[in-house]
Structures are given as C-alpha cells and as structure tokens.
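*Asks:* This is the structure I want to talk about, given as structure tokens.
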Amino acid sequence: MNPRRIGTLVAAAFLALSGLATAAPAQAADRPTVVLVHGAFADSSGWAEVAARLTADGYPVRTFDNPLRGPAYDSRALEQFLAAVTGPIVLVGHSYGGVVITNTHDPDVRANVYIAAFAPERGQRMLELLNPILYPGSLLLPPALLAGPVPDPASPAGVNLDAFVTEPFFREVFCQDVAPAKAAEMFRHQRSAAVVTNVEPTENPSWATTLSWYLVSGQDRVIPPALQRATAARVAPDRTREVDASHASYASQPSAVADIVRAAAG
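Residue numbers (the UniProt record's numbering): 1 to 266.
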C-alpha cells in the first residue's frame, strides 16, 4: 500500500478514536448531579443503596448531612452545599427532607424529587399537615416519639429540644418492611430533629417554579399515604408513582427510588 495512503488511514483512525474519547466524557458531563437529602430520625448512610444504583448508571451523587435544626437553618445550609456543585442538579428529599428542598432555591436545580415527603405551601407548618382528623394513621406519637434536651451549637442557648423515635417502636413505625438487623442498624444511625422543625412555616416553595416528582409509600406509618397522595397531586401532577413500602422506602425499595430519580434526571 502507498505509504501516503497508510498515513491517511492512520490519521483518520486517530481522529475517530479521539472523537470517541471526547464524546464519552461530554455525555457523562450532561448528567445532572443528584443530591440526596435525608429527613428526621435518619442520616445520609440510609441512601447507600440508592446512591450505588445511580452511581452505577453514571450519575454523580452527593449526600447532604441535614442538620435537622429547622427549615430556614437547614435550607440555608443546603444552599451553601449546592453552591459548590457545578452543573445541573436534581434534589431528592425524604420525609422532612422534603420541607428542606421546598425551602431551598438554587438556579442550578432542574428538578425536585419527593420520597414519602412533606412539600408544604407558603406559610404551612409540618405539624399542620400531619392532621390526624383529615389524614389519620400516623403512628409517630408518644411513646414511639419522645423529646428531650440535647446540646446544639446552632442554638443561641447552646441547647435545643429534640424529638426522636424510641428503640422499641422504631422498626414498627419507621421501617416495618426491612429485616430486624437492618432496622437495628438504622436505629443506631438515627439523628434527632429539633422540635422547631414541626412548627416553623415554609417560605416560597421551590416546587412552585421547579418540576417535581413524587414517590408515595403505600404502607407508610409516619406520613399517611392519603396525605402523600394529596401532596403529590398538588406538587407533581402526572409525575407521581407509588410503591408498596414503609416510610423508609429508600431502604426497603431502593430500586423504585432510583427509578423515579432517573425519570426526573432524564
């Protein structure tokens, strides 16, 4: 073969391979970063199986250590966290984490995903939403739920009144569909939440201007499924799914949670 012809073919092959090499990172760069926000009585470790599934699909995943000090404090902390994330973002909030993402505003957030979560309107308080007359069925009541003083550097007094789920009731109330050993592990990772999280009103809700998705937990004993369905109809019409799961669907049904996050990210 003509040496010049060989050189032309080699150059063409090199350019083709170079194009492939640059195309793959560009495609990966198009994927939004998924930021997972846990709720009360949990920590970021609970997202491990969801994060693993999304990471395997090529999504950058970050977990946010929710301070659980109140909507205003926690949403400011989340906004500071998001400021360090480059590119588009999908925010995922579980339970009270839904209140936090509702109060969070960042121009890079392309979608909100609510997982068995609260999504209050402006001026609403979480305690108002858990109305046992309109939406009966929550087992998050004493003696399963107790409160006590805890050290809190975020409080001017250095101490706060925090609520927590007691060990004898934790699995029954929070995650009845996971194995007892898994429930025990989740209990050990439980973080208490300041009582003010229940009574502090929401500011302008982010779901009013951001496309949102909602995954209802059909066997939830913390947030009654009827309340979740009503919330989903308001904030995520036509973008709602339901899974036969406890409140902790991220632990018992991680594939279903990952699936709806993919839908929002797509």
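The beta carbon of each residue, even a glycine, is placed where N, CA and C say it ideally should be.
Does the distance from the CB of Thr-102 to the CB of Pro-201 come in under 8 Å?
*Replies:* Locating residue 102 in the sequence shown gives position 102, counting from the first residue. Locating residue 201 in the sequence shown gives position 201, counting from the first residue. No; because the gap between Cβ atoms is not below 8 Å, this pair is not in contact.
*Asks:* Helix, strand or coil for Phe-118 per DSSP?
*Replies:* Translated into the one-based positions of the sequence shown, residue 118 becomes position 118. If DSSP states are grouped into helix, strand and coil, Phe-118 belongs with coil.
*Asks:* Have a look at Tyr-96, Ser-212, Glu-79 and flag the residue whose alpha-carbon is nearest the alpha-carbon of Asp-106.
*Replies:* Within the sequence shown, residue 106 is the residue found at index 106, counting from 1. If we check each option's Cα against that of Asp-106, Glu-79 comes out closest.
*Asks:* My understanding is that Val-216 touches Pro-225, with C-beta atoms under 8 Å, so please give their C-beta distance in whole angstroms.
*Replies:* Here the question's residue 216 lines up with position 216 in the sequence shown. Here the question's residue 225 lines up with position 225 in the sequence shown. Yes, they are in contact, since the Cβ atoms of Val-216 and Pro-225 sit about 6 Å apart, within 8 Å.
*Asks:* Would you grab the beta carbon distance between Arg-62 and Ala-265 for me? Rounded to a whole angstrom, and I think it's under 8 Å.
*Replies:* The residue given as residue 62 occupies position 62 in the sequence shown. The residue given as residue 265 occupies position 265 in the sequence shown. So it is not a contact: roughly 13 Å between Cβ atoms.
*Asks:* So the candidates are Val-35, Phe-187, Ala-48, Thr-240; which of them puts its Cα closest to the Cα of Val-109?
*Replies:* Here residue 109 refers to the residue found at position 109 of the sequence shown. It is Val-35 whose Cα lies nearest to the Cα of Val-109.
*Asks:* Quick check: what's the CA-CA separation for Met-186 versus Gly-46?
*Replies:* Translated into positions along the sequence shown, residue 186 becomes position 186. Translated into positions along the sequence shown, residue 46 becomes position 46. Those two C-alpha atoms are separated by around 7 Å.
*Asks:* List the residues that DSSP assigns as beta-bridge partners of Trp-213.
*Replies:* Looking up residue 213 in the sequence shown gives position 213. According to DSSP, which records beta bridges pairwise, Trp-213 is partnered with Val-113.
*Asks:* Measure the C-alpha to C-alpha separation of Gln-190 and Ala-181 and round it to an integer number of angstroms.
*Replies:* Your numbering for residue 190 matches position 190 in the sequence shown. Your numbering for residue 181 matches position 181 in the sequence shown. In a straight line, the C-alpha of Gln-190 is about 14 Å away from that of Ala-181.
*Asks:* For my contact list, Gly-148 and Ala-117 are in at a C-beta cut-off of 8 Å; report their separation, rounded to the angstrom.
*Replies:* If you number the sequence shown from 1, residue 148 lands on position 148. If you number the sequence shown from 1, residue 117 lands on position 117. With 8 Å as the limit, Gly-148 and Ala-117 do not qualify as a contact, their Cβ atoms being about 26 Å apart.
*Asks:* Quick one: what's got a C-beta closer than 7 Å to Pro-254's C-beta in the same chain, skipping five residues either side?
*Replies:* On the sequence shown, position 254 is the one that residue 254 refers to. Only Glu-49, Val-50, Arg-53 meet the Cβ criterion.
*Asks:* Can the beta-carbon of Ile-260 be found closer than 8 Å to that of Ser-95?
*Replies:* Locating residue 260 in the sequence shown gives position 260, where the first residue counts as 1. Locating residue 95 in the sequence shown gives position 95, where the first residue counts as 1. No, they are not a contact pair.
*Asks:* In whole angstroms, what separates the C-alpha of Pro-151 from that of Val-178?
*Replies:* Taking the first residue of the sequence shown as 1, we reach residue 151 at position 151. Taking the first residue of the sequence shown as 1, we reach residue 178 at position 178. Those two C-alpha atoms are separated by around 31 Å.
*Asks:* By DSSP's criteria, Leu-127 is part of a beta bridge. Which residues make up the other side?
*Replies:* In the sequence shown, residue 127 corresponds to position 127, counting from 1. Leu-127 is not bridged to any residue.
*Asks:* Quick one: is Val-113 buried, meaning 16 or more other Cβ sit within 10 Å of its Cβ, or exposed?
*Replies:* As a position in the sequence shown, residue 113 is number 113, starting the count at 1. Counting Cβ neighbours within 10 Å, Val-113 comes out buried, since at least 16 surround it.
*Asks:* Could you say which of Ala-42, Thr-33, Ala-233 lies nearest to Arg-171 if we only look at CA atoms?
*Replies:* To locate residue 171, count along the sequence shown from 1; it is residue 171. Out of Ala-42, Thr-33, Ala-233, Ala-42 has the C-alpha closest to the C-alpha of Arg-171.
*Asks:* By the three-class DSSP mapping on this structure, what secondary structure does residue 268 have?
*Replies:* Given a span of 1 to 266 for the chain in the structure shown, any question on residue 268 remains unanswerable.
*Asks:* Please identify the residue among Cys-175, Ala-154, Ser-138, Pro-153 whose C-alpha is closest to the C-alpha of Ser-249.
*Replies:* Against the sequence shown, residue 249 aligns to sequence position 249. Residue Cys-175 is the option with its Cα nearest to Ser-249.
*Asks:* How many angstroms separate the CA atom of residue 295 from the CA atom of Ala-256?
*Replies:* Because residue 295 is not part of the residues shown, which for the chain are 1 to 266, the question remains open.
*Asks:* Spatial neighbours of residue 296 within its chain, please: C-beta separation below 7 Å, excluding the five flanking residues on both sides.
*Replies:* The displayed coordinates of the chain run from 1 to 266. Any statement about residue 296 would go beyond what the structure contains.
*Asks:* Skipping 5 residues on each side, what residues in its chain have a beta carbon closer than 7 Å to that of Glu-167?
*Replies:* Along the sequence shown, one-based indexing puts residue 167 at 167. If we look at Glu-167 and ignore the five residues flanking it on each side, its Cβ neighbours are Phe-187.
*Asks:* Is Pro-237 buried or exposed, if buried means 16 or more other CB atoms sit within 10 Å of its CB?
*Replies:* Translated into the one-based positions of the sequence shown, residue 237 becomes position 237. Classification for Pro-237: exposed.
*Asks:* Taking C-beta to C-beta, are Ala-144 and Val-159 nearer than 8 Å?
*Replies:* Residue 144 sits at position 144 when you count from the first residue of the sequence shown. Residue 159 sits at position 159 when you count from the first residue of the sequence shown. Their beta carbons are not under 8 Å apart, which means Ala-144 does not touch Val-159 by this criterion.
*Asks:* Considering only residues of the stretch 129 to 206, which uninterrupted beta strand (DSSP E) runs meet the minimum length of 3 residues and lie entirely inside it, listed in chain order?
*Replies:* Listed in chain order, the complete beta strand (DSSP E) runs (minimum 3 residues) inside the stretch 129 to 206 are 145 to 151, 159 to 165.
*Asks:* Does the distance from the CB of Thr-240 to the CB of Ala-111 come in under 8 Å?
*Replies:* Taking the sequence shown and counting its residues from 1, one reaches residue 240 at position 240. Taking the sequence shown and counting its residues from 1, one reaches residue 111 at position 111. No, these two residues do not count as a Cβ contact at 8 Å.
*Asks:* Measure the Cβ-Cβ separation of Pro-67 and Ala-154 and say whether it is below 8 Å.
*Replies:* Working through the sequence shown from its first residue, we reach residue 67 at position 67. Working through the sequence shown from its first residue, we reach residue 154 at position 154. For Pro-67 and Ala-154, yes; Cβs fall inside 8 Å.
*Asks:* Terminal residues of the continuous beta strand (DSSP E) containing Arg-31?
*Replies:* Looking up residue 31 in the sequence shown gives position 31. No beta strand (DSSP E) contains Arg-31, which DSSP labels as neither H nor E.
*Asks:* Please classify Thr-55: is it buried, with 16 or more other beta-carbons within 10 angstroms of its beta-carbon, or exposed?
*Replies:* Residue numbering aside, residue 55 sits at position 55 when the sequence shown is read from its first letter. Label assigned to Thr-55: exposed.
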